[in-house]
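Novice:
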Amino acid sequence: MKLYKVIDCEQCEATHIPKELNIETVFVDKPDYKGFAPENVPVLQVAPGFNVNGAQYINNFLNTIKSAQDGFYKK
2 MKLYKVIDCE QCEATHIPKE LNIETVFVDK PDYKGFAPEN VPVLQVAPGF NVNGAQYINN
62 FLNTIKSAQD GFYKK
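For the sequence shown, our numbering begins at 2 and goes up steadily by one.
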């Protein structure tokens with residue numbers, strides 16, 4: 002998974018990645034960056050064609066993954 006952000010962005014700063022998750026953060030406005038740049042940020046790319054947009058939704062999605070890893074949803 003990749004989290005696309007820009008350097009000076011209030012919404013981007015509101016995203017929180019749990020330290021136990023391996024999420025790559027990509028700053029699309031760095032001068033040396035030449036890859037995919039979404040129109041709106043922040044965007045969490047889960048898989049090709051599956052994106053989560055907006056800090057609140059990204060945080061909820063990542064916290065759900067973290068809870069699942071911690072066994073919260075086990076029977």
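All C-beta atoms, glycine included, are put in the ideal place defined by N, C-alpha and C.
From which residue to which residue does the alpha helix (DSSP H) around Glu11 run?
Specialist: Translated into the one-based positions of the sequence shown, residue 11 becomes position 10. That run of the alpha helix (DSSP H) goes Glu11 to Glu14.
Novice: Among the residues of its own chain, which have a CB less than 6 Å from the CB of Val53, if the five just before and after it don't count?
Specialist: By one-based count along the sequence shown, residue 53 stands at place 52. Hits under 6 Å: Leu45, Ile59 and Phe62.
Novice: Please confirm whether Ile66 has its beta-carbon closer than 8 Å to some beta-carbon of chain C.
Specialist: Among the protein chains of the structure shown there is no chain C, as only one such chain exists.
Novice: Tell me whether Thr26 is buried or exposed, calling it buried when 16 or more other Cβ atoms sit within 10 Å of its Cβ.
Specialist: Counted from its first residue, the sequence shown places residue 26 at position 25. By the neighbour-count rule (16 or more Cβ atoms within 10 Å), Thr26 is not buried but exposed.
Novice: According to DSSP, is Ala38 part of a helix, a strand, or is it coil?
Specialist: As a working note, residue 38 is residue 37 in the sequence shown. It is coil, neither helix nor strand.
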